[in-house]
Structures are given as structure tokens and as C-alpha cells.
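Chemist: Throughout, this note's numbering is defined as the position within the sequence shown, counted from one, plus 6.
Heads up, the beta-carbon is just placed ideally off N, CA and C, and yes, glycines get one too.
Have a look at this one.
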Amino acid sequence: EVLGIPSKSLAVILLRKFHWNKERLITSYAEDQEKTCKESGIRPDLKLEKPPKYPKKKFTCTVCYDEYPRSEGFALGCGH
């Protein structure tokens with residue numbers, strides 16, 4: 007939210023690229039957003055979030071194994 011990153015998916019991808027070091031990410035993203043995204047393997051035209059087909063259907067989180075409605079999860083534009 008600090009940098010105005012347009013989606014949760016993009017923020018997670020960038021944080022993973024920067025090994026969850028938000029200070030390095032903030033510095034790099036503030037200096038050159040396009041370069042930071044490109045170096046992270048993100049195309050500028052990539053649609054990152056796709057609404058679920060069945061938002062009320064539940065899924066099991068593979069981290070905590072709790073069940074959540076699909077509307078509370080997110081996926082990349084390709085559906086993964």
C-alpha cells in the first residue's frame with residue numbers, strides 16, 4: 007500500500023523476489039517501477055488477479071489447511 011502497488015498478487019511476487027526484504031523492494035520500486043517488475047519476471051501488461059468462477063465455493067489453504075471461500079483467495083490471471 008505504501009508504494010501504490012496495484013494488486014496483492016504483484017506485491018507478493020515482488021516481495022518473494024526481494025526475499026521478503028521490504029526496504030530493498032521499496033527502494034528499488036520507488037527508483038524504477040518498470041525495471042523492478044521486469045527484473046522480477048513480470049510483464050507490464052500482465053493481468054495478475056482473476057476473480058474466481060464460484061466465489062462462494064470453498065478451498066483448503068495448503069499452508070494452514072483451513073477452509074476459506076474462493077472470494078478470500080487470489081490467483082494470477084492465468085488461473086494459477
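1) In angstroms, rounded to a whole number, what distance separates the CA positions of Glu37 and Gly79?
2) Where do the ends of the alpha helix (DSSP H) carrying Glu29 lie?
3) CB-CB under 7 angstroms to Tyr19, same chain, minus the five flanking residues each way: which ones, in chain order?
4) Starting from Lys64, trace the beta strand (DSSP E) both ways and give me its first and last residue.
5) How far does the alpha helix (DSSP H) with Lys14 in it extend, from its first residue to its last?
6) Taking only the alpha-carbon atoms, compute the straight-line gap between Pro57 and Glu29 and give it to the nearest angstrom.
Modeler: In short, the structure shows the following:
1) 30 angstroms
2) 28-37
3) Looking at the sequence shown, residue 19 is not Tyr but Ile. Around Ile19: Ser46, Ile48.
4) 64-66
5) 14-23
6) Using only the alpha carbons, I get a separation of about 30 angstroms.
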